[in-house]
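What follows is a set of notes on a single structure, which appears directly below.
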Amino acid sequence: MRKIKELVIEKSLLTSALITIAITIGIVLVLAIEAVQFFSEVSIIDFLTDTQWTPLFTDKHYGILPLLSGTLLTSFIAISVALPIGLSISIYLSEYAPKSFRKTVKPLLELLAAVPTVVYGFFALIVVTPILQQIIPGLSGFNSLSAGFVMGIMIIPYISSISEDALHAVPNALREASFGMGATKLQTAFKVVVPAASSGIIVSIILAISRAIGETMIVAIAAGQQPRLTLDPTVPVETITAYIVQVSLGDVEHGSVEYRTIFAAGITLFVLTFLLNTLSYRIRKKYQERYE
Amino acid sequence: MAKEIEINMETITEQIPGKLIDPSLKKKSKIEVKDVKVWYDDFNAIKGIDMNIKPNTVTAFIGPSGCGKSTFLRLFNRMNDYIEGFRMEGKIKINGDNIYKKKVNVEELRKEIGMVFQKPNPFPKSIFDNVAYGLKIQGITDKQLIEERVIYCLKQVALWDEVKDDLKKSGMALSGGQQQRLCIARTLAVQPSIILMDEPTSALDPISTAKVEELIFKLKEKYTIIIVTHNMQQASRISDYTAFFYLGELIEYNKTKTIFTNPEKQQTENYITGRFG
Amino acid sequence: MNNIQKNRLKDQIFKVWGIGCTLFALILLAFFIGDILIDGIMRIDWAFIIDLPSRKPEKAGIYTALMGSIWILFLTTIIAFPIGVAAGVYLEEYSKKNRLSAILEINISNLAGVPSIIYGLLGLEVFVRIMGLGASVLAGSLTLSLLILPIIIVATREAIKAVPKSIKDASYALGASKWQTIWNQVLPASSGGILTGVILALSRAVGETAPLIVVGALAYVPFAPESPMDDFSVLPIQIFNWISRPQHGFIENAAAAIIILLLITFIMNGIAVYFRNKWQKKLK
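Residue numbers (my numbering), protein chains in the order written: chain A, 1 to 292; chain B, 1001 to 1277; chain C, 2001 to 2284.
Below, the structure written as structure tokens:
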């Protein structure tokens, strides 16, 4: 009796764990099936090379490049903000700050990542853009600069917290060896500690990039809805995620090509983030082995 | 090598589930080990050991670190089962039944064979709940019986007078020596006939160690005790028989007095005189 | 200035820069919150909470969206909590080191990195269309449950890992079965950590917008949901909708609703941190 009970419990726990695999299979199947149907109507070459994305207009073009460039542009701006600030914070907190300061500041910084993204969208559109408009005349009301900047603030804790953990895990003996040779804290930090924690830092950066690429609400609210192949941060663009939101808000018939565009866009996004996540997972595994 | 040491004098009494019975009236447990080998993946940790253990004695396992004595001890209540890569050959019979047969209910076995660990490991629960835990998992709900048993066991380990006023206090709040005695009480509550002790005093101060040793001496009347120890004086103080292990083999097994005064093997002598280990 | 002095100066400069960056991020956070408070606090009154949506900003309230969020929170908890904890327990206590466990681990780590909007696409096809649930509270909750499942699983595993092995050994040695040991020792000892993870995951779910938009949650719902099969809106979608309107009154409404949303999020985070601290002290 007891054996049977134990077995039933184990199997139901296993089933719960297997649900996670079902989710992945579900995601891949859903995206793939709709995307395959999409590509039976739209050539994959056009999809990858056409420089216009106008599925909702009469003159239809299905080139993903404008959405991709919008995604990469906003993400690039975000990383340019988050990387130097996040990394500096992590080095400061790990190598310079008093313990009590570190203990209070870290959770506060993590609040930045806990704020719902729609709130950041509000901030980018209503507060940051008007301020930037006073500095940069001709800045459009919707633009990638403001959206990217605010997104950068949002992902600071991804970089600062994970990097700080990695820096903190570096054995003190290494630091002492460096101090013992007369190095300053700064020299020790950059020449000894940061290299020793490099894989952890790289993981944090990849995660932050992946997060930026998948971010939706900030760009949907503040970056605009005009797919455009440009590197100009002052004009409206549209990201992959913002496009999916745009279509979801509208009235697009199920089974139409327009409906399937969101899955084609979705699979592009999925592949992009999947590659980044796999990369970070690999690095993390390798790094764990080294310290164990 | 004294392999076939006399066993017997069995006084068999049926155990009434849930009833408090004097362990001295319980079935005597004779242990027979036949050609036991253990591997962890490719590593051969135990290389073929035969051994018989007498009831109501204290048997000490000694030997340098990594000699396999702890692994060997944990075979008796099948605690190695959870280690990945663990593989075992040979037979261990307790009262004639091979405990490594497929049919054996491991949980039942462990009620019969208690264990005390190297570091005191009370549950993060009250003192009372710590001792009552083994009864509760057996499905015993009779409150009065549980209470009686808890008090009896705490008295057995001479902890009762120290804790009787705060049984609700967390077991973790006790001192190290008290914690270890609590762990022994917890083991007694399940009414085992054999108690395995894996370096039970290695984390304790000398005064606490003395108390635990005294306790072991007293428990011997009612239980069969096997104790792994690093401390040679301890082995000579408390045990009746001593087994010396080296590199996964049983080198010598005899009366403690013989082992410490007149060992047969050179290796044993080298170890107990501190020439290596 | 010699070399050593130069190095010391650089050291000091970096220190100031590091403090500057930290303060910059914190001050921005304070500025965000302050600005939103100024924009929205005057708008919050009891009527704002209990009013139905309206085309006139001064008459509009968040009642339906708030109720939608509460429904979502409730259903997501009862779906994701048991599954997530069960999967975490399986991975930490039962699974052996083999192919399956390796696949499960990589898979969960990957799922945690999938953008939330992709979960929306999954929910749209599977729950809304194939299972025919429509754009209901249930479909939305199921979608968010999948989204936060990896977070709960990872938190459960971490919490269980922190339980000392000696406690498990002691329980087994007393004749407890595997499940008895998990139920009586492992889960109670890890409950604080698990709770922390679950609350953090739920606070994430409360703030999610994109997947629910994709699933088809509406910006305008005249009534609060009364059953899992009803249409719904949630606070973040209501906020998004108000931000997209040109009239200034709606911006004020958005700020006011944001204050409520932030309050919920921060309170949940606060509770989570409280549980974590209490738990970590207990484990020591």
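Just so it is clear, CB atoms sit at the ideal spot from N, CA and C, and this is done for glycine as well.
Being a predicted model, the structure only gives us computed values, none of them experimental.
Collapsed DSSP secondary structure at residue i in the structure displayed
{"i": "residue 293 (chain A)", "result": "In the structure as shown, chain A begins at 1 and stops at 292. Residue 293 (chain A) is therefore absent and cannot be evaluated."}
{"i": "residue 15 (chain A)", "result": "helix"}
{"i": "residue 1218 (chain B)", "result": "helix"}
{"i": "residue 2119 (chain C)", "result": "helix"}
{"i": "residue 1032 (chain B)", "result": "strand"}
{"i": "residue 241 (chain A)", "result": "helix"}
{"i": "residue 1103 (chain B)", "result": "coil"}
{"i": "residue 1269 (chain B)", "result": "helix"}
{"i": "residue 1044 (chain B)", "result": "strand"}
{"i": "residue 2005 (chain C)", "result": "helix"}
{"i": "residue 1977 (chain C)", "result": "As displayed, chain C neither begins before 2001 nor continues past 2284, which places residue 1977 (chain C) out of reach and without an answer."}
{"i": "residue 1 (chain A)", "result": "coil"}
{"i": "residue 1005 (chain B)", "result": "For residue 1005 (chain B), the pLDDT reaches just 35, beneath the cut-off of 50, and the residue's location in the model is therefore unreliable, although a value from the coordinates is still provided. Residue 1005 (chain B): coil per DSSP, three-state reduction."}
{"i": "residue 1013 (chain B)", "result": "Unreliable positioning characterises residue 1013 (chain B) in this predicted model, as indicated by a pLDDT of 33, which lies under 50. A coordinate reading is not provided."}
{"i": "residue 1018 (chain B)", "result": "Its pLDDT being 46, under 50, residue 1018 (chain B) is placed unreliably by the model, and nothing is read from it."}
Pairwise C-alpha distance: residue j and residue i
{"i": "residue 1017 (chain B)", "j": "residue 2170 (chain C)", "result": "Because the pLDDT of residue 1017 (chain B) is 42, which lies under 50, any placement of that residue in the model is unreliable, and the question is left without a value."}
{"i": "residue 2173 (chain C)", "j": "residue 2269 (chain C)", "result": "39 Å"}
{"i": "residue 2004 (chain C)", "j": "residue 183 (chain A)", "result": "9 Å"}
{"i": "residue 2198 (chain C)", "j": "residue 2081 (chain C)", "result": "7 Å"}
{"i": "residue 2077 (chain C)", "j": "residue 2221 (chain C)", "result": "23 Å"}
{"i": "residue 2263 (chain C)", "j": "residue 2219 (chain C)", "result": "21 Å"}
{"i": "residue 2195 (chain C)", "j": "residue 5 (chain A)", "result": "26 Å"}
{"i": "residue 1068 (chain B)", "j": "residue 1232 (chain B)", "result": "17 Å"}
{"i": "residue 223 (chain A)", "j": "residue 1041 (chain B)", "result": "58 Å"}
{"i": "residue 143 (chain A)", "j": "residue 216 (chain A)", "result": "14 Å"}
{"i": "residue 1211 (chain B)", "j": "residue 1112 (chain B)", "result": "25 Å"}
{"i": "residue 2107 (chain C)", "j": "residue 163 (chain A)", "result": "23 Å"}
{"i": "residue 60 (chain A)", "j": "residue 2134 (chain C)", "result": "29 Å"}
{"i": "residue 19 (chain A)", "j": "residue 205 (chain A)", "result": "29 Å"}
{"i": "residue 9 (chain A)", "j": "residue 2179 (chain C)", "result": "8 Å"}
{"i": "residue 2225 (chain C)", "j": "residue 2105 (chain C)", "result": "37 Å"}
{"i": "residue 178 (chain A)", "j": "residue 154 (chain A)", "result": "35 Å"}
{"i": "residue 2029 (chain C)", "j": "residue 34 (chain A)", "result": "41 Å"}
{"i": "residue 2084 (chain C)", "j": "residue 2069 (chain C)", "result": "21 Å"}
{"i": "residue 2210 (chain C)", "j": "residue 2154 (chain C)", "result": "23 Å"}
{"i": "residue 121 (chain A)", "j": "residue 130 (chain A)", "result": "13 Å"}
{"i": "residue 2015 (chain C)", "j": "residue 2022 (chain C)", "result": "11 Å"}
{"i": "residue 32 (chain A)", "j": "residue 2143 (chain C)", "result": "19 Å"}
Beta-carbon proximity of residue i to residue j, cut-off 7 Å
{"i": "residue 233 (chain A)", "j": "residue 145 (chain A)", "result": "yes"}
{"i": "residue 247 (chain A)", "j": "residue 267 (chain A)", "result": "no"}
{"i": "residue 1031 (chain B)", "j": "residue 1037 (chain B)", "result": "no"}
{"i": "residue 199 (chain A)", "j": "residue 287 (chain A)", "result": "yes"}
{"i": "residue 2092 (chain C)", "j": "residue 2157 (chain C)", "result": "yes"}
{"i": "residue 2139 (chain C)", "j": "residue 2215 (chain C)", "result": "yes"}
{"i": "residue 2079 (chain C)", "j": "residue 2136 (chain C)", "result": "no"}
{"i": "residue 107 (chain A)", "j": "residue 229 (chain A)", "result": "no"}
{"i": "residue 2193 (chain C)", "j": "residue 2279 (chain C)", "result": "yes"}
{"i": "residue 1216 (chain B)", "j": "residue 1251 (chain B)", "result": "no"}
{"i": "residue 174 (chain A)", "j": "residue 203 (chain A)", "result": "no"}
{"i": "residue 1033 (chain B)", "j": "residue 1092 (chain B)", "result": "yes"}
Within chain C, the residues that residue i reaches when beta carbons sit closer than 8 Å
{"i": "residue 1153 (chain B)", "result": "Result: empty, since nearest Cβ-Cβ is about 12 Å, beyond 8 Å."}
{"i": "residue 24 (chain A)", "result": "2107, 2110, 2111"}
{"i": "residue 164 (chain A)", "result": "Neighbours of residue 164 (chain A) on chain C: none; closest Cβ ~11 Å, over 8 Å."}
{"i": "residue 1131 (chain B)", "result": "What residue 1131 (chain B) touches in chain C: nothing, since even the nearest Cβ is about 10 Å away."}
{"i": "residue 1200 (chain B)", "result": "What residue 1200 (chain B) touches in chain C: nothing, since even the nearest Cβ is about 13 Å away."}
{"i": "residue 1187 (chain B)", "result": "2173, 2174"}
Residues that residue i contacts on chain C, provided the C-beta gap is smaller than 7 Å
{"i": "residue 1117 (chain B)", "result": "2166, 2169, 2170"}
{"i": "residue 263 (chain A)", "result": "2121"}
{"i": "residue 2 (chain A)", "result": "2177"}
Under 7 Å by beta carbon: chain A residues contacting residue i
{"i": "residue 2017 (chain C)", "result": "88"}
{"i": "residue 2190 (chain C)", "result": "Within 7 Å Cβ-Cβ: nothing; residue 2190 (chain C) doesn't reach chain A, min ~15 Å."}
Listed by chain order, chain C residues near residue i by CB distance under 9 Å
{"i": "residue 185 (chain A)", "result": "2011, 2014, 2015"}
Could you please tell me which residues of the segment 111-143 of chain A, in chain order, have their CB closer than 9 Å to any CB of chain C? Look at the segment 111-143 of chain A: the residues with a C-beta under 9 Å from a C-beta of chain C are 111, 112, 114, 115, 116, 117, 118, 119, 120, 121, 122, 123, 125, 126, 127.
Could you run through the segment 254-280 of chain A and flag, in chain order, every residue whose CB is less than 8 Å away from some CB of chain C? Here the close residues are 254, 262, 263, 266, 269, 270, 273, 274, 276, 277, 278, 280.
Please list, in chain order, the residues of the segment 2219-2238 of chain C that have any C-beta partner in chain B closer than 7 Å. Flagged: no residues at all.
Could you list the residues in the segment 1069-1092 of chain B with a C-beta less than 8 Å from some C-beta on chain C, going in chain order? For the segment 1069-1092 of chain B, which is checked against every Cβ of chain C, the residues closer than 8 Å are 1077, 1079, 1082, 1084.
If contact means a Cβ-Cβ distance below 9 Å, which residues of the segment 1103-1115 of chain B contact chain C? Result list: 1106, 1107, 1108, 1109, 1110, 1111, 1112, 1113, 1114, 1115.
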